[in-house]
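Numbering (my numbering), first residue to last: 333 to 604.
Next comes the structure, spelled out in structure tokens:
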């Protein structure tokens, strides 16, 4: 079993295929050491036999490496995980970013990547790929103040193509015979340390967006609908967080109106 890295270091998980081991590299004091682990489990997408890496970023040193890796990239797939199912207010806990051959999972509870990401997000020459990004874009605005300029939403593209199921898992299954697990859909993404399997689950949401974008773009072009998808994606890029006001999230709890003030204060301390 692959052990979770301690906070303060960045580990890289390189996946070649089903037979080779996973190598973990530390950017800390032991950065020149390489340790090999037998494969206890593997990222499902490795079945294609294509090299990909998953890097967990938890400190400033990691964000600097992220900046270097993203420099010059023309497309970056983006997704996030929030803790809405286990808290009474959503909070961005992980931010996933994939290039064509690398995936970075940023622990946003440990490090703020916004300064590093602002340049590619605000560049008209860098296309940010998302799937069903409406709510995620609002959270990125509120928590990280990131606003993509050149956005392409693959869910919008699939809808314009008349796909009967426009969820990411359904599209990947249909187009590439890739199965995405739904095991951690309602996981507590604020828990630390994060199990390796949860990191791989989070990374899987962005690792296929590049090839899905290529496929959907080609189909949209053939139907003369690519401009429609780009225009709708541009509209989505303007999404901003709308503060619902001073509503206490604890009041969402069933029976909260019957609680004493001290009970509400205790729940707020535990849950928020």
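Glycine residues also receive a C-beta, built at the ideal position from the N, C-alpha and C atoms.
TODO: Taking residue 396 as part of the beta strand (DSSP E), name the residues at either end of that continuous run.
DONE: First-last for residue 396: 392-402, but that is the alpha helix (DSSP H), not the beta strand (DSSP E).
- [ ] Look at residue 569 and residue 548 and say whether their C-beta atoms are less than 9 Å apart.
- [x] no
Open item on the list: Assuming residue 441 and residue 522 are in contact, meaning their beta carbons sit under 8 Å apart, how far apart are those beta carbons, in whole angstroms?
Closed with: 7 Å
- [ ] Identify which residue in 542, 595, 602 has its Cα closest to the Cα of residue 434.
- [x] Checking every option, the nearest Cα to that of residue 434 belongs to 542.
Task: Between the CA atoms of residue 456 and residue 557 - distance to the nearest angstrom - done: 21 Å
TODO: Would you tell me roughly how many angstroms separate the C-alpha atoms of residue 605 and residue 482, rounded to the nearest one?
DONE: Look at the range of the chain in this structure, 333 to 604, and you will see that residue 605 is not part of it.
- [ ] Write down the C-beta distance between residue 468 and residue 412 rounded to the nearest angstrom, noting that I regard them as a contact closer than 8 Å.
- [x] 5 Å
TODO: Inspect the beta-carbon positions of residue 486 and residue 461 and report whether they are closer than 9 Å.
DONE: yes
Open item on the list: For a quick check, are the C-beta atoms of residue 410 and residue 545 less than 9 Å apart?
Closed with: No; because the gap between Cβ atoms is not below 9 Å, this pair is not in contact.
TODO: Would you identify the three-state DSSP class for residue 524, choosing helix, strand or coil?
DONE: If DSSP states are grouped into helix, strand and coil, residue 524 belongs with coil.
TODO: Going by DSSP, name the residue or residues bridged to residue 439.
DONE: 426
Task: CA-to-CA distance, residue 573 to residue 395, given in whole angstroms - done: Whole-angstrom Cα-Cα distance: 25 Å.
TODO: Go ahead and label residue 602 buried or exposed: buried means 16 or more other beta carbons lie within 10 angstroms of its beta carbon, across all protein chains shown.
DONE: Under this definition residue 602 is an exposed residue.
Open item on the list: If I measure Cβ to Cβ from residue 474 and keep anything under 6 Å in the same chain, skipping five residues before and after, which residues do I get?
Closed with: 573
- [ ] Figure out for me which residue from 499, 444, 488 has the closest Cα to the Cα of residue 477.
- [x] 444
Task: Beta-bridge partners of residue 409, as assigned by DSSP - done: Beta-bridge analysis with DSSP links residue 409 to 430, 461.
Task: Enclosing beta strand (DSSP E) for residue 478 [first to last residue] - done: Here residue 478 belongs to no beta strand (DSSP E), and DSSP marks it neither H nor E.
- [ ] Go ahead and pull the three-state DSSP assignment for residue 415.
- [x] coil
Task: Supposed contact pair residue 488 and residue 408 - C-beta distance, whole angstroms, cut 8 Å - done: Incorrect: roughly 17 Å between the Cβ atoms, too far for contact.
- [ ] Thinking residue 401 and residue 436 are a contact (beta carbons under 8 Å), I'd like their distance in whole angstroms, please.
- [x] 7 Å
Open item on the list: Measuring straight from C-alpha to C-alpha, what distance separates residue 429 and residue 535?
Closed with: 8 Å
Task: Residues that DSSP places opposite residue 485 in a beta bridge - done: 462
Task: Beta-carbon proximity list for residue 490, same chain, < 7 Å, skipping 5 on both sides - done: 498, 503, 548
Open item on the list: For residue 492 and residue 465, I'd like the C-alpha separation in whole angstroms.
Closed with: 16 Å
Open item on the list: Considering Cα atoms alone, identify which of 495, 494, 447, 496 is closest to residue 472.
Closed with: 447
- [ ] Look up residue 585 in the DSSP assignment and say whether it is helix, strand or coil.
- [x] coil
- [ ] Would you mind stating whether residue 524 and residue 439 have Cβ atoms separated by less than 9 Å?
- [x] yes
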